[in-house]
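Notes to accompany the following structure.
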Amino acid sequence: MSKLSILGIPVNLVTLAEAVALSLKAIKERKHFRIMTANAEMIMQAQDHSELKFALQKAELVVADGAGVVWASKEFGPPLKERVPGVDLAYSLLEKAAIEKIKVFFLGASAQTVKIAASNMTKKFVGLQIVGVQDGFFQESEDEKIIEMINQSEAEILFVALGSPKQELWLEKYKEILNPSLRMGVGGTFDVMADQVKRAPRWMQENSLEWLYRAFGQPSRWKRLIALPKFVLAIKKAKKMDNHS
Ligand code: UDP
Numbered sequence: 014m015s016k017l018s019i020l021g022i023p024v025n026l027v028t029l030a031e032a033v034a035l036s037l038k039a040i041k042e043r044k045h046f047r048i049m050t051a052n053a054e055m056i057m058q059a060q061d062h063s064e065l066k067f068a069l070q071k072a073e074l075v076v077a078d079g080a081g082v083v084w085a086s087k088e089f090g091p092p093l094k095e096r097v098p099g100v101d102l103a104y105s106l107l108e109k110a111a112i113e114k115i116k117v118f119f120l121g122a123s124a125q126t127v128k129i130a131a132s133n134m135t136k137k138f139v140g141l142q143i144v145g146v147q148d149g150f151f152q153e154s155e156d157e158k159i160i161e162m163i164n165q166s167e168a169e170i171l172f173v174a175l176g177s178p179k180q181e182l183w184l185e186k187y188k189e190i191l192n193p194s195l196r197m198g199v200g201g202t203f204d205v206m207a208d209q210v211k212r213a214p215r216w217m218q219e220n221s222l223e224w225l226y227r228a229f230g231q232p233s234r235w236k237r238l239i240a241l242p243k244f245v246l247a248i249k250k251a252k253k254m255d256n257h258s
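Next up, the structure:
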């Protein structure tokens, strides 16, 4: 599978449909398959967070969740064909899971949010089996008990919404003892599924402005926007060095 390295982080050159197909193949073959969703902020954070960088490098699939990543791919080529938003990928996987009777576990967000998200999704996708939910506000000492619950549920898909980098580190730490074949870090997806956070209007999504909408909707995210100009500068610098070598 072709990959692109963006500031040392591998990003797979896949479309949303290809990411779904690869995921289903891994589930059928009972292989461990981790999906992480990269955006500019995460790539910048990984520059001085070696454990996050390692987790991203070891994931089986890293998709371009953010518009900044798609832009950066054009600087280095071959460019990504499209953005693969984690939320869209999660919805597509649930749709397939309902059809193919694949069991799913939701881990993360508040107890109320994760419950509403699961209930909304079982209404939306007829036949979907969400075999367990667990909120994301637990102590490290509870990890073992939670992993046992996930494994006993016989889920084949595990969505983990603990925020970044927590979810990526958690998935890396426990990759060998988790049973579900497909594991994916889904960030704020349960909040969207529970109708607690609205996605940007389609025109904003299509014009690479979803990040701006999220920042305005959740002012606590404003501070995080500083990563964007830093990312652009780092990419320009990396490209200059590329051209000189
Ligand atoms: N969250 C959690 N446990 C934590 C921290 C966060 O379950 O210790 C949840 C939070 O409630 C939210 C999600 O993780 O549902 C993170 O959402 P955010 O939009 O911040 O994702 P990010 O942009 O960090 O990937």
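Taking this note's numbering, the leading residue of the sequence shown gets 14, the next gets one more, and so forth. For each residue, glycine too, the CB sits at the ideal point set by N, CA and C.
Within the same chain, show all residues whose beta-carbon is closer than 7 Å to that of Phe151, passing over the 5 residues directly before and after it, in chain order.
Residue 151 sits at position 138 when you count from the first residue of the sequence shown. Answer for Phe151: Ile159, listed in chain order.
With the cut-off set at 8 Å, would you say Val144 and Phe172 are in Cβ contact?
Looking up residue 144 in the sequence shown gives position 131. Looking up residue 172 in the sequence shown gives position 159. Not a contact, by the Cβ cut-off of 8 Å.
Could you give the first and the last residue of the continuous beta strand (DSSP E) run that contains Ala174?
By 1-based counting over the sequence shown, the position of residue 174 is 161. Where Ala174 is concerned, the enclosing beta strand (DSSP E) stretches over 170-174.
Assumed close pair Leu35, Leu74 - CB separation to whole angstroms, cut-off 8 Å
Within the sequence shown, the letter at position 22 stands for residue 35. Within the sequence shown, the letter at position 61 stands for residue 74. About 6 Å separates the two Cβ atoms, so the contact holds.
Distance between Leu69 and Asp61 (C-alpha atoms, nearest Å):
Taking the first residue of the sequence shown as position 1, residue 61 is located at position 48. Taking the first residue of the sequence shown as position 1, residue 69 is located at position 56. Using only the alpha carbons, I get a separation of about 13 Å.
C-beta atoms of Ile48 and Leu20 nearer than 8 Å
By 1-based counting over the sequence shown, the position of residue 48 is 35. By 1-based counting over the sequence shown, the position of residue 20 is 7. No. Outside cutoff.
Going by the DSSP bridge assignment, what does Lys16 pair with across the sheet?
For the purposes of this step, residue 16 is taken as the residue at position 3 of the sequence shown. Note: Lys16 sits in a beta bridge opposite Asn25.
By DSSP, does Val210 sit in helix, in strand, or in coil?
Residue numbering aside, residue 210 sits at position 197 when the sequence shown is read from its first letter. In the structure shown, Val210 falls within a coil segment according to DSSP collapsed to helix, strand and coil.
Residue from Val146, Gln58, Gly121, Gly99 whose Cα sits closest to the Cα of Glu223:
For the purposes of this step, residue 223 is identified with residue 210 of the sequence shown, where counting begins at 1. Nearest of Val146, Gln58, Gly121, Gly99 to Glu223, Cα basis: Gly99.
Tell me which same chain residues have a C-beta within less than 8 Å of the C-beta of Asp101, skipping the five on either side of it?
Translated into positions along the sequence shown, residue 101 becomes position 88. Excluding positions up to five away in sequence, the list reads Leu29.
May I ask you to check if the CB of Ala103 is nearer than 7 Å to at least one heavy atom of the ligand UDP?
By 1-based counting over the sequence shown, the position of residue 103 is 90. Annotation for Ala103 indicates a beta carbon at 7 Å or more from all heavy atoms of the ligand UDP.
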